[in-house]
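For the protein sequence lines, the chains are B, D and L, in the order given.
Quick note on my numbering: the first sequence kicks off at 1 and runs consecutively.
Quick note on my numbering: the second sequence kicks off at 1001 and runs consecutively.
Quick note on my numbering: the third sequence kicks off at 2001 and runs consecutively.
Glycine included, C-beta positions come from ideal geometry on N, C-alpha and C.
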Amino acid sequence: MQKIRKISQLFFLLLIVAIPILNLMEIYFINGSFISLTVGNLAISDPLAVFQAIFLSHKIVPLMLVSILAPIFIVILFGRVWCSYACPYFLMTEFIDKVKIKLKIKSVRNKNINTNKQNIIRYGLLLIGFIVISILGVPLLYLISPPSVISTQVIMIIKHFAITLEVLIILLILIIEIFFIYRFACRYLCPTGTLLSLFQFKNFGLKVEHIGNCSECKACIKVCPLMLDPKIDGDSKQCNNCGICVDSCKDNLKQKTLFFKMK
Amino acid sequence: MELSRRNFIKSTLAASAAVAAGISTNSSAVAQTQEVVVERWVKGVCRLCGTGCSVYVGVKGNRLVAMKGNVESMTNTRGYLCVKGMNIWKVAHHPDRLTKPLIRDGKGVLRPASWDQALTLIEKKFKEYHKKYGYDSVAYYGSGQCTTEESYTFNKLWKGGFGSNMVDGNPRLCMASAVAGYMSSLGSDEPAGAYADIEKSKTIFLVGSNLSEAHPILFRRVTRHKKDNPDVKIIVCEPRKTLTSSVADLWMPSLPGTDLAIFNGMAREIIKNGWYDKEYVKTLGRVTTGDGSKELTWDDYVKHLEKYTPQYVEKKTGCPAADVKNAAKMFAQSDATLSMWCMGLNQRANGVWANNLIHNLHIITGNYGKPGADAFSLTGQPNACGGVRETGSLAHLLPGARPVANKKWREFVEGYWNVQKYSINPSKAINPKPGMHAVKLFSSLGGEKDKTKPVKAVIMSTTNPAQTLPNVNKFIGGMQDAFTVVIDIFPTRTAQCASVVLPAAFIYEKGGVFGCSERRSFLTDKAVNAPGEAKADIWIAAQIAKRMGLTKLIGWANETNIDRMNELAWNDYIGCTANTEKTLKGATYKRLKESTVGVQWPCPDEKNPGTYKRYVRGMDPIFDNPKRYGYTIPDDAKEFFYARPHGKANIFLRDDPDNSEQTSKAYPFIMTTGRVLEQWHTGSMTMRIPETAAAHPHSFVEINEKDANRLKIKNGDIVKVESIRGSNILPAKIVNNTLEGVIFVPMHDQKADRMVNFICSDIVDPISAEPDYKVSAVKITKVSGPKKIDGRYLVTREEMNKKSFS
Amino acid sequence: MSLINKIKLFLNSFDDNEYYRINRMRPPGAVDEKLFMKLCVRCSKCIEICPYRVIKRSDLTKNLEAGTPYIYAEEKGCQLCMNCTSVCPTGALDNKLTYFRDTRIGVAIVDDTICLNHLLYNQEEAGIADGTVAVCNQCFNSCPLKFDAIYLEDMILPTITDKCTGCGICTESCPTSPQKAINILPNGMADINSAGYKQYLKRIEKGGR
């Protein structure tokens, strides 16, 4: 399960490097970044970007709506697998965690905070974000969405051998993550993830389920990258269905205890 | 809103312009593009096209720092220049300049050597080949960009010293047809009139010339004349609708290679409507055919023209029948008609015939002797007329532009040069057989192992045949195998093939005489010293002469001062042609040094101001004393083509054969080549000027919109242009101003897959041996979508060590 | 002072003189600048697909235009391949624009105080001659729509018509320096005050959007 996820993450990482190279080679079949991607005739856009554009311009181009259908549909069905299976930033933070363990640097993982509180902070930040952009009149939320910045910067590097200053924001977020707040971007900041979780419904789609007989080893709580309690928060909007908890559960060997279920 | 926006722009621009102009309040071109700290201005002539613009180069210390036009000039009136001329001085100090002789070693790497080493090698090889393969195995290939003194020295060295006529030059590729046209129709080479005719003309007939880009200064003279006199008519006959044709009253579109039918069609209309000058034809015209030996009657001519009905012309050329009629009327019914043509007529498989037909039109309408009336062939190089045509530095000519086959003249030159005494050739005479013309020369050039190639060594000065010859692929191998010496200022494709590369001095580093299209000789003074060990060609020629044992033949071989060398060579040359119609006897070196306008030949003595119009009594000094030049002119003749027996110009019966390459199903497009304003020739100089390189960094292919739509080619797409000889990969430029089925590619790019001469047809004119650059059958295929092309491409010093072109 | 006013004041204090500049244009098909700033989601698609690499990504330092695409005509003008218009996900670039002659990126303006041809013409008319002027025509020659978008008035003065696409190729090839004699005035960016957030602020001040 985790192997598939890793492969998928690496595939998407490769993709953001490959697309500009393919474009350089004049293969335009696939084009774009994680803000908006075109594959053949199919357009896929980050709902965050599209919502911002619609919100600010009061203008709806059919292409916009068509392009966000697929991502929203996936979120409704499978949860925020985007974050866990595709986001290059999630891969990066996981990698940082591993390095930290290797180097024996103390984790900044504190005690669990209430999931609801987490959600309130996330949505609060998103709301503030929308207020700010409405004042500015410019869809700038991409700046704090790490996957968007990373993928557009990769394009810049490959196409123009240059980076723009958005990279500084990523560096800042990384510093906060490493030294202060565990998984700061994924848990609180990332507007892409927060917006996507609006389409996660409590009683529909793929959720982590728990059935009795738990040995209370709390392994799942320790491994959860978003500091959730999988037993309780399986259907939370915060969960991105990464499945690390499911794989970590030792009770599963004896009996189906923690697992995914389509509701 | 609109207004405020404009004002905003204006104010920002004005502010920055003021900052830019800083040094001088006069915001002129000099202030903008050049440093204006000039210590002295040195008189000279523009290094580029054949217009012969007179300039002053600004010198500071030992550096060129600026350029300005000569306001007294007769060529570029009021001292106007074009943008590439204004910037040409910048190449003199370019870091790519060659400053040391280079010799290719066994591994194919060019190694720096001393002059002595290089010249010793040349001497050894030349002597060896002379002995082993005869005197014709060593050739000289010159250029219309060498000074007259240099061309004359090399010509004398070869023809007089070696007894070999293996001397040719790149003017063979640019105006050999015009030479043959003038010689066969009027008897003497070069135009009768001058640029001054532009302002006096009533109708201007431009054919085969994109004047606006090739000769922008003359184009401005034409357009200014048109603006001042709106009743002046301009007729333009060319396949592309260019800026030139856009100012025309009548644009006659014609498929490349077919305009002979148009000229005949116009002649038919003129005669049919009785617009021709009966008196003129009777006294000064002579109908003839073939080589001109047999005289025919006027009726034969009329009969010959019957075939060329406007309908026939339209079918053949694509030019509307009504336009032929209109053009004929404009041409014939003006007081003075001036025809100007350039490579569009000369670089053709039937270039000489095309020239003849233009002359026909002028003879039957009597458009020669009057002010403003002339048939004027423009040249593309600054000294093709003066240096190569007049000094006879072509395989079949001797000084005075007279054929080597002409026994009387040959014997005179032999005597003048004292060939009997000095020649190293045992025959002790000038070879009466013409040498090989350019294309033949290079197809006969090969290594010692190749028994089929009789020419083993060639010395090439100031030209770039490895890029400019048609179907150039055919010749590169020979150039690489043979012993090739290249004299140039920059690394070029030819230098890449060379065995020895000699660094040359730039024109402003050596000085010398340039003769432009209108027979005007103008002296450039030496302004600065050449960088490093670069030397003037005349010095190189003198060294070779010395080493070959011809010190006495080349009287200036022992001189060390370039100025003195030039002067001695010039004096020798004007002495040689003093009694021909091309006499420059009056244009002494002193006079040329002092003159700021130059001298037009014939100029038999120092008091003569030079000749504006030839063949007319009162204007042409030949009429004063025809005996001196070996001519007889009746006393009552006002106008007389003295170089022809009986003084009558030939009206040739010429058909319109399809000698050019024809399109086929596989190769359905006609490709024509040409120039753009900002670049010149192979771009070895102009591509090194940032200002002009930015405007035209690489070649492109102009395709008509309809053709492009049919082939699904979009603007900017990369296409392959292919003929049976080779191919180019070029970006497409979709335009709606060329004819359908015609594509155009400029010729300046040095990149191997954009060098258009890989595609060009190597058919040559049977008379002048000038290649047909203007018509090649090609096909176009799309390679890919738009792609970034990295700016200009220049052959670097490193690339000179590589065998293959990249 | 209310919070929103404070924010407004803070944002207004930025030095945004750089904001609007000649010879800096949006890619072809860009909608009006005000709308463009709202619609452009900075996805870099147009930057990525541009085969000539003329579309550059604006830096964060410049303004709130961070990440938006620009063409800098002085470096290299738009070559009008029209690849970029179709990829825009939000319609900030008009997806329907595919024919290069319909493009209106901006309009070229000739500065007659430094244009070489103008200077030559002025000397001609005034009857002066100092040998410092030159015939140029580079803008005309390099124009992909010559005769239509640009023609030579009196056979010498470059004159722009309303067919000018504003591609900037003429600016790129103009030989005058340091200031180009032909410049692109980008469309939709009417002036310094009407683009981006400033315009927005102005309008909310006037009451409502």
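When you compare only the Cα positions, how much space is there between residue i and residue j?
| i | j | result |
| --- | --- | --- |
| L/Tyr-2052 | D/Val-1091 | 29 angstroms |
| D/Asn-1026 | D/Thr-1075 | With a pLDDT of 38 at D/Asn-1026, under the threshold of 50, the modelled position of this residue cannot be trusted; read the value that follows with caution. Approximately 25 angstroms, taken between the alpha carbons. |
| B/Tyr-142 | B/Met-227 | 25 angstroms |
| B/Ile-133 | B/Leu-103 | 40 angstroms |
| D/Gln-1032 | D/Val-1232 | Its pLDDT being 44, under 50, D/Gln-1032 is placed unreliably by the model, and nothing is read from it. |
| L/Cys-2072 | L/Arg-2024 | Rather than Cys, the amino acid found at residue 2072 of chain L in this sequence is Tyr. Straight-line Cα distance between these residues: approximately 5 angstroms. |
| D/Ser-1188 | D/Ile-1198 | 22 angstroms |
| D/Glu-1639 | D/Leu-1357 | 21 angstroms |
| D/Leu-1521 | D/Val-1513 | The displayed chain sequence assigns Ser, not Leu, to residue 1521 of chain D. So the two alpha carbons sit approximately 6 angstroms from each other. |
| D/Pro-1403 | D/Arg-1614 | 21 angstroms |
| D/Ser-1024 | D/Val-1037 | Interpretation of D/Ser-1024 is limited by its pLDDT of 32, a score under 50 that renders its predicted location unreliable; no figure is taken from the coordinates. |
| D/Arg-1078 | D/Asn-1346 | 30 angstroms |
| D/Pro-1434 | D/Asp-1636 | 38 angstroms |
Does the CB of residue i have a neighbour CB from chain L at under 8 angstroms?
| i | result |
| --- | --- |
| B/Ala-313 | What is shown of chain B runs 1 to 263, which leaves residue 313 of chain B out entirely. |
| D/Arg-1410 | no |
| D/Asp-1790 | no |
| D/Leu-1003 | For D/Leu-1003, the predicted model reports a pLDDT of 33, less than 50, meaning its position is unreliable and no value from the coordinates is stated. |
| D/Ala-1694 | yes |
Specify the secondary structure class of residue i as computed by DSSP and reduced to three states.
| i | result |
| --- | --- |
| L/Tyr-2070 | strand |
| D/Thr-1560 | coil |
| B/Ile-121 | helix |
| D/Asp-1717 | strand |
| D/Ser-1027 | Low confidence applies to D/Ser-1027: its pLDDT is 40, below 50, so where it sits in the model is not reliable, and the reading given next is rough at best. Residue state, collapsed to three classes: coil. |
| B/Ala-219 | helix |
| D/Thr-1337 | strand |
| D/Cys-1342 | coil |
| L/Glu-2125 | helix |
| D/His-1304 | helix |
| B/Gln-255 | coil |
| B/Phe-260 | strand |
I'd like to know whether the C-beta of residue i is nearer than 8 angstroms to at least one C-beta of chain B.
| i | result |
| --- | --- |
| L/Ser-2173 | no |
| L/Met-2037 | yes |
| L/Gly-2196 | With a pLDDT of only 42 at L/Gly-2196, under 50, the local geometry of the prediction cannot be trusted, and no value is derived from it. |
| L/Cys-2043 | yes |
Residue i CB to nearest chain D CB: under 8 angstroms?
| i | result |
| --- | --- |
| L/Cys-2136 | yes |
| L/Thr-2132 | yes |
| L/Cys-2046 | no |
| L/Asn-2187 | no |
| L/Ser-2086 | no |
Strictly below 7 angstroms CB to CB, what residues from chain C border residue i?
| i | result |
| --- | --- |
| B/Ala-86 | Any reference to chain C falls outside this structure, whose protein chains are B, D and L. |
4-residue-minimum alpha helix (DSSP H) runs that sit fully inside the region 1254 to 1301 of chain D, ordered along the chain: 1259 to 1272, 1278 to 1284
Chain L contacts from the region 119 to 139 of chain B (Cβ-Cβ distance under 7 angstroms): Ile-135, Leu-136, Gly-137, Val-138, Pro-139
Contacting positions in the region 176 to 200 of chain B - beta carbon closer than 9 angstroms to chain L: none
Within the region 36 to 86 of chain B, ranges of the beta strand (DSSP E) (whole runs, at least 3 residues): 36 to 39, 42 to 45
Selection of the region 1249 to 1274 of chain D by Cβ proximity to chain L, strictly under 7 angstroms: none
Where the region 2050 to 2079 of chain L meets chain D: residues whose CB sits under 7 angstroms from a CB there: Pro-2051, Tyr-2052, Arg-2053, Gln-2079
Short-range partners of chain L found in the region 1067 to 1091 of chain D, where Cβ spacing is below 8 angstroms: Lys-1068, Gly-1069, Asn-1070, Val-1071, Arg-1078, Gly-1079, Tyr-1080, Leu-1081, Cys-1082, Val-1083, Gly-1085, Met-1086, Asn-1087
Complete runs of the beta strand (DSSP E) confined to the region 1726 to 1790 of chain D [at least 3 residues]: 1727 to 1735, 1742 to 1746, 1776 to 1786
Alpha helix (DSSP H) runs wholly inside the region 1117 to 1159 of chain D, at least 4 long, in chain order: 1148 to 1155
Proximal residues, the region 27 to 57 of chain B versus chain L, C-beta separation under 8 angstroms: Tyr-28, Asn-31, Gly-32, Ser-33, Ile-35, Ser-36, Thr-38, Ala-43, Ser-45, Asp-46, Ala-49, Val-50, Gln-52, Ala-53, Leu-56, Ser-57
Proximal residues, the region 1714 to 1738 of chain D versus chain L, C-beta separation under 9 angstroms: Lys-1714, Asn-1715, Gly-1716, Asp-1717, Pro-1731, Lys-1733, Ile-1734, Val-1735, Asn-1736, Asn-1737
Chain L contacts made by the region 1214 to 1232 of chain D, where a contact means CB separation under 9 angstroms: Pro-1216, Ile-1217, Phe-1219, Arg-1220, Val-1222, Thr-1223, Arg-1224, Lys-1226, Lys-1227
Beta strand (DSSP E) segments (min. 3 residues) lying fully within the region 1439 to 1527 of chain D: 1457 to 1461, 1483 to 1488, 1500 to 1503, 1512 to 1515, 1520 to 1524
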